[in-house]
Amino acid sequence: MVCGTDAGIVGTAPGFSVHQELGFYTQAGMSNYEALRTATVNPAKVYDAFSTIENGKYANFMLSPGNPLENLATLQNPHWVMVNGRLIRQPMLKTFKEKAYNRHNYLASMVRVFKYILWDK
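As numbered in my numbering, residues 4 to 124 make up the sequence shown, in order.
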């Protein structure tokens, strides 16, 4: 099983929905460890470039303030994130989060849908 963002679905904000999905998995009976595997190890098996930490592979990981094996909510406010080897610290993460959250409303979603239908297709 692989966790996904459902990005592109009207009313679904990429990233935010992952936290909800992990919570749904634990409510359904998975341990935090099993839920985390759906967003880490399981997808890495599909994409070899992401499967291990070694030279020549993408560096995508994060440092959370607590242990997600004890509390998944600690993943919602990381100290920093590494994406493709680029370190993104808390101030920039906060900016990204605010921009993503502000886009998560019905009107903005509908505008994106119409833009896609009328111009991008």
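We treat Cβ as the ideally placed atom computed from N, Cα and C, and that holds for glycine.
Quantities reported herein were computed from a predicted structural model and do not represent experimental measurements.
| query | Got a sec, what are the start and stop residues for the alpha helix (DSSP H) Leu-39 sits in? | reply | Taken as a continuous stretch (DSSP letters only), the alpha helix (DSSP H) holding Leu-39 covers 35-42.
| 7 angstroms Cβ cutoff met for Tyr-28 and Ala-38 | A contact, by the Cβ cut-off of 7 angstroms.
| query | When the Cα of Lys-60 is compared with those of Arg-40, Gly-69, Val-86, which residue comes out closest? | reply | For the residues Arg-40, Gly-69, Val-86, the minimum Cα distance to Lys-60 belongs to Val-86.
| said: My assumption, with CB atoms under 8 angstroms, is that Leu-66 sits in contact with His-82. Please give the rounded CB distance. | reply: About 5 angstroms; that satisfies the 8 angstroms criterion.
| field | Span separating the alpha-carbon of Val-44 from that of Asn-35 | value | If you draw a straight line from the Cα of Val-44 to the Cα of Asn-35, it is about 13 angstroms long.
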